[in-house]
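To keep things clear, I will list the structure first and then write my remarks on it.
In our numbering, the protein residues as written are 44 to 174.
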């Protein structure tokens, strides 16, 4: 399997686990030292643990639940064999406060090959804008 195919598979697993609210499996796709930039959150999250804490607060305080997630127009750029940039458009059905909304976003995930597995080391989300 090529590096591009491996990264696509790793990204697809993250999307699938997110879309089914499989929290432990979803977070396992990220390195412990991964960072996160979300337009819906005021600060950068400096570790997977920071994101897990935020996720748990959303669940406890806001009734957060992911109902679905679809990815389209994926692209992978492999950099030097041990790093890759994955970009795509993502549509998610997200529940907050008992209301399910569809959210359309653009996402970049940076992967690094560690111990023969591609792990996400950075995620950046922005809203998908109408052209």
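Ideal Cβ placement from N, Cα and C applies to all residues, glycine included.
Would you please state the rounded distance, in angstroms, between the beta carbons of residue i and residue j? I believe it to be under 8 angstroms.
{"i": "residue 117", "j": "residue 107", "result": "25 angstroms between Cβ atoms; not a contact."}
{"i": "residue 164", "j": "residue 77", "result": "5 angstroms"}
{"i": "residue 91", "j": "residue 80", "result": "About 14 angstroms; that fails the 8 angstroms criterion."}
{"i": "residue 169", "j": "residue 82", "result": "5 angstroms"}
{"i": "residue 105", "j": "residue 139", "result": "5 angstroms"}
{"i": "residue 166", "j": "residue 152", "result": "5 angstroms"}
Give the DSSP-derived three-state secondary structure of residue i in the structure shown.
{"i": "residue 82", "result": "coil"}
{"i": "residue 76", "result": "strand"}
{"i": "residue 100", "result": "helix"}
{"i": "residue 91", "result": "helix"}
{"i": "residue 62", "result": "helix"}
Would you please verify whether the beta carbon of residue i is less than 9 angstroms from any beta carbon of chain C?
{"i": "residue 151", "result": "Protein chain content of the structure displayed is limited to a single chain, and chain C is not contained in it."}
Tell me, please, which residues DSSP counts as bridged to residue i.
{"i": "residue 149", "result": "132 and 169"}
{"i": "residue 9", "result": "The question about residue 9 has no answer, for the chain in this structure spans 44 to 174."}
{"i": "residue 144", "result": "137"}
Exercise. Using 8 angstroms as the Cβ pair cut-off and three pairs as the minimum, do the region 88 to 98 and the region 109 to 116 touch?
Worked result: no
Exercise. Any chance the region 130 to 137 sits against the region 147 to 157, with 3 or more Cβ pairs inside 8 angstroms?
Worked result: yes
For this session: Entirely within the region 108 to 140 and at least 3 residues each: give me those beta strand (DSSP E) ranges in chain order.
Result: 108 to 122 and 126 to 139
Exercise. Does the count of Cβ pairs from the region 46 to 58 and the region 150 to 162 closer than 8 angstroms reach three?
Worked result: yes
For this session: Say whether the region 58 to 66 touches the region 120 to 128, bearing in mind that this needs 3 or more beta-carbon pairs closer than 8 angstroms, one atom from each stretch.
Result: no
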